[in-house]
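Reviewing the structure listed below.
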Amino acid sequence: MQSNFERVEEQKSLFACLIITGLGILVATFLGKEMVKMVTDLTYIPVAGMLVVFSIIISARFRKTGNHGKAWLLFTGLAISWFIAETTWTIYELVYHLNPFPSPADAFYLIGYPFLFLFTIHYLKPFKKLISKKLIISAVLITISVLIPSLYMTIENNSNESKFAIILGAIYPIEDSIVLVPAIIGIVLFFRGEVNFLWTLLLIGILFEVIADTGFQYFTLNNSYYTGHPVDILFIWSYIMFSFGVYSHIKIFKKETKIKESNKFV
Amino acid sequence: MNFEKDQLRKALVSLAVEKVLFDIGDPVYEKVIKQLSKDYDCYLPDCYEHPEYLNKVLKKIFGNSYVTIVQAIKKELDEQIIEKPIEIFISTISE
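Line by line, the protein sequences are chains A and B. Under our numbering, the first residue of the first sequence is numbered 3, with each subsequent residue one higher. Under our numbering, the first residue of the second sequence is numbered 32, with each subsequent residue one higher.
So, in structure tokens, the structure goes:
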């Protein structure tokens, strides 16, 4: 059981991680584009790798039981797929000195979204009776209001990017908007009352991911994106929030000793 | 007769709580059971007579998001809420 002290310590560690990675990238920016590229690429690998480790641990703990058991398996699929994507991006950029967008990394980023969507669905499924039509409609409306400017930006752009890159860039906000609906529902559902902060991190992580993707698309289309751009800080923060969210679940639901059968009434 | 009815309600409440917790996942159920046993030396069916134990344990584990779990239990017992003892159970775990 987490004591208040442990919880505060966890929150402090989270903020420390966010500040260190954010400041690290900002400081590297002053040392030149090559330096910030290297720092950012090399930050993505351990951050995404940590998420894979935590996801495997929590999946092993839930062993497919209940809706959250299935949810964690799907989340592990997401973590693995995005870890491969980050590694591919880094190899393309740091080893082969090629532009990593578009590249095979995109295939792995895009594969991650269906996993993320199904994760949120299974995560919220036990509480489906509490999800009103009004809440679903509100979430859909918010999502559409985010999607329309993104799509407009893609269609009305004067970028030097190839048609393929522009279409690929447009797929991200569409996938984001699909994921955003259950994420908003989850945030509203778990924020009723003053919810356990770390539990909502998974959903807030999705929100950061969506904002970062929109920023990435915007800055790519006006040719101002480079690896290490401040928008990358948001991507890294979303990984960190995911990791802390999963870690919190691991701590709360760590293996307990055998339970006496007398708890079963029938 | 009253005793039998009460036993039936106790079973219904216990099953509803079990269902909600298992729907989330085995470790969630295990955590609640373990905490009930550790803090109050009681089992899940005993929470029918002591709903305040379940309330405290859910709050301890889930923080303020216990509200979502309680609402799910309430929905599960929806048709039985007209019965006074079940209404008392629900209102106590909701506090």
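Where is the CB? At the ideal position from N, CA and C, for every residue including glycine. None of the values given here were measured: they were computed from a predicted structure.
Cβ distance (whole Å) where residue i is taken to contact residue j below 8 Å
i	j	result
T99(B)	L191(A)	6 Å
L110(B)	V51(B)	The residue asked about is misnamed: residue 110(B) is Glu in this sequence, not Leu. Not quite, the Cβ-Cβ distance comes to about 15 Å (not below 8 Å), so this is no contact.
E49(B)	L75(B)	7 Å
A30(A)	F103(A)	Going by Cβ atoms, the distance from A30(A) to F103(A) rounds to 20 Å, so no, they are not a contact pair.
F53(B)	G68(A)	6 Å
F244(A)	L25(A)	With 8 Å as the limit, F244(A) and L25(A) do not qualify as a contact, their Cβ atoms being about 20 Å apart.
V49(A)	I242(A)	6 Å
S83(A)	Y94(A)	The Cβ separation is near 17 Å, so there is no contact.
V110(A)	A87(A)	Rather than Val, the amino acid found at residue 110(A) in this sequence is Phe. Indeed, because the Cβ distance is near 4 Å, the residues count as touching under 8 Å.
N86(B)	E114(B)	Wrong, their Cβ atoms sit about 19 Å apart, outside the cutoff.
I213(A)	I144(A)	At roughly 13 Å, the Cβ-Cβ gap does not stay under 8 Å, so I213(A) and I144(A) are not in contact.
F85(A)	G51(A)	6 Å
Y115(A)	E177(A)	4 Å
Proximal chain A residues relative to residue i, where beta-carbon distance stays under 8 Å
i	result
D54(B)	G68, N69, K127 and P128
D37(B)	Those within 8 Å of D37(B) in chain A number zero; the least Cβ separation is about 13 Å.
I124(B)	Within chain A, no residue comes near I124(B); the closest Cβ sits about 14 Å away, beyond 8 Å.
K106(B)	K131 and L132
Beta-carbon spacing of residue i, residue j below 8 Å
i	j	result
E118(B)	I112(B)	yes
L75(A)	L118(A)	no
G171(A)	L223(A)	yes
H251(A)	I55(B)	no
S240(A)	E211(A)	yes
D234(A)	Y174(A)	no
I47(A)	T78(A)	no
Y79(B)	F120(B)	yes
N225(A)	S134(A)	no
V41(A)	I21(A)	no
G217(A)	L205(A)	no
I254(A)	K62(B)	yes
L132(A)	A103(B)	yes
A73(A)	Y154(A)	no
V181(A)	T229(A)	no
C73(B)	Y84(B)	yes
F64(A)	P58(B)	yes
V183(A)	V148(A)	no
T23(A)	I169(A)	no
K41(B)	Q66(B)	no
A62(A)	T90(A)	no
Q219(A)	S164(A)	no
Residue i (DSSP reduced to helix, strand or coil)
i	result
K66(A)	coil
K116(B)	Looking at the sequence provided, one finds Pro at residue 116(B) rather than Lys. Of the three classes helix, strand and coil, the one that applies to P116(B) here is helix, per DSSP.
P76(B)	helix
N86(B)	helix
H124(A)	helix
G171(A)	helix
F103(A)	coil
G195(A)	Bear in mind that the predicted position of G195(A) carries a pLDDT of just 49, short of 50, making it unreliable; the figure below should be weighed with that in mind. Note: G195(A) maps to coil in three-state DSSP.
G26(A)	helix
S133(A)	Residue identity check: residue 133(A) is Ile in the sequence provided, not Ser. In the structure shown, I133(A) sits in coil (DSSP, three-state: anything other than H, G, I, E or B).
G94(B)	helix
T229(A)	coil
G217(A)	helix
L33(A)	coil
S147(A)	helix
G56(B)	coil
N33(B)	helix
Y111(A)	helix
L108(B)	coil
K256(A)	coil
H251(A)	helix
E177(A)	helix
S164(A)	coil
Residues that residue i contacts on chain B, provided the C-beta gap is smaller than 7 Å
i	result
L137(A)	The contacting residues do not exist; L137(A) stays about 13 Å from chain B at best.
F255(A)	P58, V59 and K62
Chain A contact residues for residue i, given Cβ-Cβ distances below 7 Å
i	result
P116(B)	Here the premise fails: no neighbours, minimum Cβ distance about 16 Å.
Under 9 Å by beta carbon: chain A residues contacting residue i
i	result
Q102(B)	F129, K131, L132 and R194
Chain B residues whose Cβ lies nearer than 8 Å to that of residue i
i	result
F64(A)	G56, D57 and P58
L191(A)	T99
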